[in-house]
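All residue numbers for the sequence shown refer to full-length UniProt numbering, where the first residue is 1 and numbers rise by one.
Heads up, the beta-carbon is just placed ideally off N, CA and C, and yes, glycines get one too.
Keep in mind the model is a prediction, meaning the values are calculated, not measured.
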Amino acid sequence: MEYCSADSVDKSDELLNLAFGVLTPEFLNSLKTSGIPNHKLRIKVGTPIILLRSLDQANGLCNGTRLIVTRLGTNVVEAKIITEPNIGHRTYTPRMNMSPSDSPWPFKLIRRQFSFMVSFAMAINKSQGQSLAHVGLYLPNPVFCHGQLYVALS
């Protein structure tokens, strides 16, 4: 399923500069930056995802938590947590408004989208403490420090 975001510009910024009125939806949709998902999000049941925002720390829904999509709705996605300590818990993620904290543009972009992104790969450090059925390693360069290869293989 493909989910498209609703992008806008913060209206308080628009008062400062009349040029913001010419920012088209197509231009806003094309913007990409770290910390917020892209305009189009293509996922299906079984897709591994990673949270970009902390949603509920008490239930383990923190930035960087990995999940597997189990059901897709119009405005909500059901997923199962696959990282410690809440492995197996089901969670429902709604769309939410997000803005990049360090915007590279002279305006504040507001993107309404799910706060996760597809995550088929991860750094060796992020894999610590996880039990995965299948793992593939891509090491085009020597590992960075002594313990990284051990962590990746264990």
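Pull the bridge partners of Glu-78 from the DSSP assignment, please. Along the sequence shown, read from residue 1 onward, the residue named residue 78 stands at position 78. Paired residues: Arg-71, Tyr-92.
Taking the alpha-carbon of Val-135 as reference, which of Cys-145, Asn-141, Val-151 has the nearest alpha-carbon? One-based indexing of the sequence shown puts residue 135 at position 135. Nearest of Cys-145, Asn-141, Val-151 to Val-135, Cα basis: Val-151.
Report buried or exposed for Ser-30, applying the criterion of at least 16 other Cβ atoms within 10 angstroms of its Cβ. Taking the sequence shown and counting its residues from 1, one reaches residue 30 at position 30. Per the 10 Å Cβ criterion, exposed.
Could you pull the start and end residues of the alpha helix (DSSP H) that Ser-30 belongs to? Looking up residue 30 in the sequence shown gives position 30. Segment 25-30, the alpha helix (DSSP H) holding Ser-30.
Taking Cβ to Cβ, would you say Asn-75 is nearer than 9 angstroms to Arg-53? Reading the sequence shown from its first residue, position 75 is the one you call residue 75. Reading the sequence shown from its first residue, position 53 is the one you call residue 53. No; because the gap between Cβ atoms is not below 9 angstroms, this pair is not in contact.
Pairwise C-alpha distance: Trp-105 and Ile-43: As a working mapping, residue 43 is identified with position 43 in the sequence shown. As a working mapping, residue 105 is identified with position 105 in the sequence shown. Straight-line Cα distance between these residues: approximately 28 angstroms.
Arg-111 - partner residues in DSSP beta bridges: The sequence position of residue 111 within the sequence shown is 111, counting from 1. DSSP lists Asp-7, Met-98 as partners of Arg-111.
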